[in-house]
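Numbering follows our numbering, in which position 365 of the sequence shown is assigned residue number 961; successive positions increment by one, without gaps. Glycine is no exception: its CB is placed at the ideal position from the N, C-alpha and C atoms.
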Amino acid sequence: MQDYHQHLEEYVQILEAVADGVTAQDPTGRLIYANDAAARLVGFATADEMVSTPPEEILSAFEIFDESGDPFPLERLPGRLALLGEEAPRTIMKFRLRATGEERWSVVKATPVTDEEGEVRFAVNVFDDISHEKMTQAELDRRTRQQEVVVRLGQRALSGLPLQQLMDEAADQVARTLALDHCSILELLDGEEALLMRSGFGWPRGFVGELRVSSGGDTLAGYTLQQNEPVLTSDLSFESRYQGHPLLDELGVSGAVSVIIRAKTRPFGILAGFSTRPREFSRDDVVFMEAVANVLAAAAQRVWAEEVQGELLTLERSAREAAESVAQELRSIQTVTDAALAGLPLDELLSELLLRIRNELLADVAVIMLPEGEDHLAVRAAIGMPGPAERYAHIPIGKGLVSRVAATRQPIAVEDISDIEVALSSMKDLGVKSIAAIPLFLSDPVCGVLQVGTFQQRRFTSDDLSLLRLVADRASNAIEHARLLEAEQASRREAVAMANRLALLQGVTSSLSEAVSEKQVCEVVIQRGLLALQAGAGSIVLLDEDQQGLHVVTATGYPEDLLAKFSRFPLDARYPLSDAVRTGRSVYVESVEQLLIDYPQFKTTAIPHKSLVAIPLYVEGRAIGGLGISFDEPRQFGDEDKIFMESLAQQCSQALQRAHLFEAERDARTRSELVQGRFRFLARASEIFSSSLDYRETLSQVANFAVPGIADWVSIYVAEDDDIDRIVVAHSDPAKVQLAQTLNERYPQDPDAPTGPPRVMRSGESELHREITREMLEATARDAEHLQMLLDLQLRSMMHVPLKARGRTLGVLSLASSESERAYEEEDVLFAEELARHAALAIENARLFQEIDEGEKRFRHFVQGLGAIFWEADARTFQFNFVSRRAQELLGYPLDRWQEPGFWASIIHPDDRDPVVEARGIATSRLEDHDTEYRVIADDGRVMWFKDIVTVLPGAAGKPNLLRGVMVDITEQKQIETNLEESKERYAHLARTLQKSLLPPQLPSVQGFQLAARYRPAGEGNQVGGDFFDVFRVGETERAVVMGDVCGKGPKAAALTGLARHTVRTAALYESKPSGVLDILNRAVLREELKEQFCTVAFGKIEPEGDAATLTLATGGHPLPYLLRADGSVRQIGEPGSMLGVMDDPDLTDITVDLHPGDVVVLYTDGVTDERGPEVDDGWLGAMLPSLRGRTADEIVDRVETAAVDYLPGEPRDDIALLVLRYVG
């Protein structure tokens, strides 16, 4: 008896330890035992409490339902059937606790326990709690129903269903799917601060279509719009963010959820759901409502935009994506992927094991099932069953005998399986009568199962099961070993693949380091990328300059007709590459079917490849183009493929940026050299123009100087007596010059010709012919001989520019190319116009000087011939008493009028009259002889200039008595002086314009700094100075500052200044050290071989770093900048260094200074500190700066400039340039 109780106690301890609920009831139905798991299942705190409760009271504590949801008949409870001796099958039941409403699911199996006489003594009930599985399935069903609703509504929208009907269906489906009492769709009304209930579910009659609510933040709908996100309320009675509508209170609404129906262009309205009981809406509920709202938004957008086809495609794609998302989610939840096992090399091992097991046990069928996740088993190998093992995969745990073995981890043998549920139903179909299954203990949370079967009914003995256990143990070890081996091999393969791809990327990097042009970069990426990816074709496209289209830079592997069709296409076109560039997201198309779905326009195009990738190319956050790769077979792109291709695209982008920078530097250098050459040419032309007053000889020298550097042909035409006379023609071949002269003699210019020099002469506008075609010459030729002579000139490109001076067109300068085959552009025309202005001024000045010379000859002849006006007048009244005949000849007034009182003063120009009369009165009163220049109004209204030379004759009393004078006509002389003054002013304007072009138009904004600058030229401003400064960007936050001084003034100084400024800007893009930038500038100046030309430069780089900034500085012979600290201390910074352009190896040193808020750096040229009076100390600037502590950069520049000018003994003789950097943090 003691042993019995001991065994009973051990048995109870075992039952308490198991996870399943276990109860025992006597024949009266009263519980005699229950473990804690059973008590928890039906809502009792402890097993003792459950056992002490009468059966009727236990049953009244909950409701019982069968698997279909119908009430479960109490007489069919498995325990009662077992007590009656009837068979009690496994039964799935749902328990709903009446007190809490909580639901629990259980698989119940009742077993009768009989005595030796076969009488039923009690029944044992085993409750397997499957609540989690059932809730998971219910959740899946709920999500599936939600997604089916979304898909169905999307399909209805795509079918062209009217928006109102779609909204009615949506409101009904949302309410029913989420078990809502009310649902509404509110539309935001245009021009009103209100929303209208367009559709609804569960609302009283008369509200749908009529009810309006405010769109302000005081309502649920308005608050949702204001927050721009879903709004969830579990209980409106506790809501404080907004006020509920009175209707909601009347209907007893408690829980609420609302989402925005967000159309493409603007919100359409609100989708809201309501429950009459408090409710916590889940994230899935919100996602479902947002999906419905997206369908409604797309349909509304279609109606608004009346773009039915495009919107239908969008809705179809949204529905398809939603359906695919649902399918993917279901697959992820319901099945555990077999990818990890599908590639394991276990087949041979498992097949050999099964073969031996079958032979040893004389079985007909043998199967090994391995876990997939925690809820599935998969047949990994099978012998004696038709077809591959994979066809039997995905067996849910919880189904059949196999699940019991996996769950209990105990072997099971069944002699007759005809009346039991088995997971592999095909075993019954094969005629298997008996089976034995044993667990395989692996490292997985769920164990595997080894199962054998026989076609003849067989009772598996304990020896059979022992043998199976032994085999299972060894099989488990073998499987684990094989798994580890395969994992090691997979890791090795992955490492090798990664190393290969890294090596390929390194190879691409190495090749790209040698590619310097855009074309070379693209070819390297395509060639190496296609080889690495084993792709069939590839291309690289870049954005056009207008950013509106894409053009193919390089492509390989595509048919010629396809390349011709897509060599250039719009950015907004619906193609994979344009989509990738426009959206910034890579496009992966894994099959032709997917391509035709996503891009239906390709249905009419022959598709040479089966899959493709389009990846955007980015530089500094902006798209510049795209990389396209095509494959000859359908392909699924894994993460490694995507990472490799994205890395390849990134390398391509970086290499293209380097190529663009290299090309920009080369172009800048070429342009700088071109500008310098043109400056030198203009300077030389100016020297030639000023060397002689014979303009024909001068123009001939300039024309010959321009050949062949500027043009192959140079011709100059001048207007002479209403004709166009070519006075100069130049070419390097004298025979060609003779040909041109012969052509001009036989076929002179037609003054009325619609093109060429005659038209330019008439209009004063330049004319450019980028290309001279045979058709143009045929249209110009007057006969066959004329055409042949024109063809013999071999003209390729030509331009004609007017020779204009003082508003008049004096002639035409023609430049043409032939042997050089250069093609002229607009910038060449601008240069030619500048040259023409110089030439025109030379022509005009020569003519003016000729006129002055002739005027002087005439004046001398005039004086010698008494051509001046002689007069005599009273010294007190200035009334004339005599005037010579010449007065009437020059001015037209009769001689007798000159003797009228006040006549002389009346004909003086009004602007000159008062000062002339006053000056004459003062000089006369002092008996001083004098001469005056003034203007006189002639009788015909002409204005003439006279120089009046007056002698004062005193009377007997010694006072003024008579005035005698000679009025000399100086009108022509004054006109010449005016013309010369205008010419001088034009030269000065040109110098000022050139000076401005060498300085930044305005200082840029630099983060953390105040900048201020000042430039004050010396002299009259008609010479280009050599001082310059600049501030420009060289990195994301780094900026360069430059202050320089070029030796001398004029064109040579301007040329060197331009060279210095452009060289510094270009060098700073790739040289990080300031001393390196100055060294590059030094070499550039030396290469130009400018005699006695040099410059001094201070160059630095500033970069904010948190609360401070860093200045890195180098100076080449320039005055050292001053550093004014925030505390008022001052010192000069930097090392003096060597002047640039003097020696091959200058002494240049970099220094670094930390700047803090309030610190100021002052850069200046020697015009600020030199040429001061003896009373001013050389260090006056450093002594002055402490007084400027705390002032802004503009104030500091003003104070320093004022002081610099005030300290000068006279007008500045050198330019003044200042640049102040104040760090403000």
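{"Item": "Where does the unbroken beta strand (DSSP E) through residue 1166 begin, and where does it stop?", "Value": "1164-1166"}
{"Item": "Taking C-alpha atoms, which residue in 667, 664, 665, 687 lies nearest to residue 675?", "Value": "687"}
{"Item": "Can you list, in chain order, the residues of its chain whose CB lies under 6 Å from that of residue 1790, leaving out five sequence neighbours each side?", "Value": "1608"}
{"Item": "Under the rule that 16 or more other beta-carbon atoms within 10 Å means buried, what is residue 870, buried or exposed?", "Value": "buried"}
{"Item": "What do you get for residue 1896, buried or exposed, if any count of 16 or more other CB atoms within 10 angstroms of its CB means buried?", "Value": "Absent from the model: residue 1896. The displayed extent of the chain is 597 to 1821, so no value can be given."}
{"Item": "Kindly identify the DSSP beta-bridge partner or partners of residue 1230.", "Value": "Bridge partners of residue 1230: none, in fact."}
{"Item": "Using the three-state DSSP reduction, which class does residue 783 fall into: helix, strand or coil?", "Value": "strand"}
{"Item": "Any contact of the segment 1518-1527 with the segment 1491-1499, i.e. 3+ C-beta pairs under 8 Å?", "Value": "no"}
{"Item": "My understanding is that residue 1639 touches residue 1815, with C-beta atoms under 8 Å, so please give their C-beta distance in whole angstroms.", "Value": "5 Å"}
{"Item": "Considering residue 538, what are the terminal residues of the alpha helix (DSSP H) in which it resides?", "Value": "Outside the shown range of the chain (597 to 1821) lies residue 538, about which nothing can therefore be said."}
{"Item": "Note the first and the last residue of the continuous alpha helix (DSSP H) segment covering residue 1332.", "Value": "1330-1342"}
{"Item": "Using DSSP's beta-bridge definition, name the partner residues of residue 1363.", "Value": "1396"}
{"Item": "Would you say the segment 1467-1475 touches the segment 1553-1570, given that touching needs at least three Cβ pairs under 8 Å?", "Value": "yes"}
{"Item": "Rounded to whole angstroms, what is the Cα-Cα separation between residue 643 and residue 635?", "Value": "5 Å"}
{"Item": "Along the chain, where does the beta strand (DSSP E) containing residue 1047 start, and where does it finish?", "Value": "1044-1050"}
{"Item": "Quick one: complete alpha helix (DSSP H) runs, 4+ long, within the segment 628-684?", "Value": "632-637, 643-647, 651-656, 674-679"}
{"Item": "Am I right that residue 1163 and residue 1147 are in contact with their C-beta atoms under 8 Å? What's the rounded C-beta distance?", "Value": "7 Å"}
{"Item": "If you run the structure through DSSP and keep just helix, strand and coil, what is residue 1299?", "Value": "helix"}
{"Item": "Do the segment 967-974 and the segment 1064-1076 touch if we need at least three Cβ pairs shorter than 8 Å?", "Value": "no"}
{"Item": "Over the uninterrupted alpha helix (DSSP H) stretch that includes residue 763, give me the two end residues.", "Value": "759-773"}
{"Item": "Just to confirm my understanding: we take residue 998, look at its own chain, exclude 5 residues before and 5 after, and list those with CB closer than 8 Å. What are they?", "Value": "965, 973, 991, 1018, 1019, 1020, 1033, 1045, 1047"}
{"Item": "Counting only C-beta atoms, is residue 1168 closer than 8 Å to chain D at any point?", "Value": "Of the protein chains in the structure, only one exists, and it is not chain D."}
{"Item": "Quick test of your reading: residue 1401 and residue 1357, contact by CB under 8 Å. State the CB separation rounded to the nearest angstrom.", "Value": "The Cβ separation is near 14 Å, so there is no contact."}
{"Item": "Do residue 1248 and residue 1149 have their C-beta atoms closer together than 8 Å?", "Value": "no"}
{"Item": "Within this structure, are the beta carbons of residue 734 and residue 706 separated by less than 8 Å?", "Value": "no"}
{"Item": "Check this for me: beta carbons of residue 1166 and residue 1144, under 8 Å apart or not?", "Value": "yes"}
{"Item": "Could you check where the alpha helix (DSSP H) with residue 1125 kicks off and where it finishes?", "Value": "1114-1129"}
{"Item": "Determine contact between the segment 751-763 and the segment 648-668, defined as no fewer than three beta-carbon pairs at a distance below 8 Å.", "Value": "no"}
{"Item": "Within a Cβ cutoff of 7 Å, which residues of the same chain sit near residue 1452, ignoring the five residues on either side of it in sequence?", "Value": "Low per-residue confidence applies at residue 1452: pLDDT is 49, beneath 50, and the placement is therefore not dependable, though the value from the model is reported in the following sentence. So no residue of the chain qualifies."}
{"Item": "Taking the alpha-carbon positions, what's the residue 1078 to residue 1072 distance?", "Value": "10 Å"}
{"Item": "What is the DSSP secondary structure of residue 1222, counted as helix, strand or coil?", "Value": "strand"}
{"Item": "Over the uninterrupted beta strand (DSSP E) stretch that includes residue 1669, give me the two end residues.", "Value": "Here residue 1669 belongs to no beta strand (DSSP E), and DSSP marks it neither H nor E."}
{"Item": "What does residue 1184 pair with, by DSSP beta-bridge criteria?", "Value": "1209"}
{"Item": "Buried or exposed: residue 783, going by 16 or more other Cβ atoms within 10 Å of its Cβ?", "Value": "buried"}
{"Item": "CB residue 827 to CB residue 816, shorter than 8 Å?", "Value": "yes"}
{"Item": "Could you work out which residue in 957, 1670, 1051 is closest to residue 981 when comparing CA atoms only?", "Value": "1051"}
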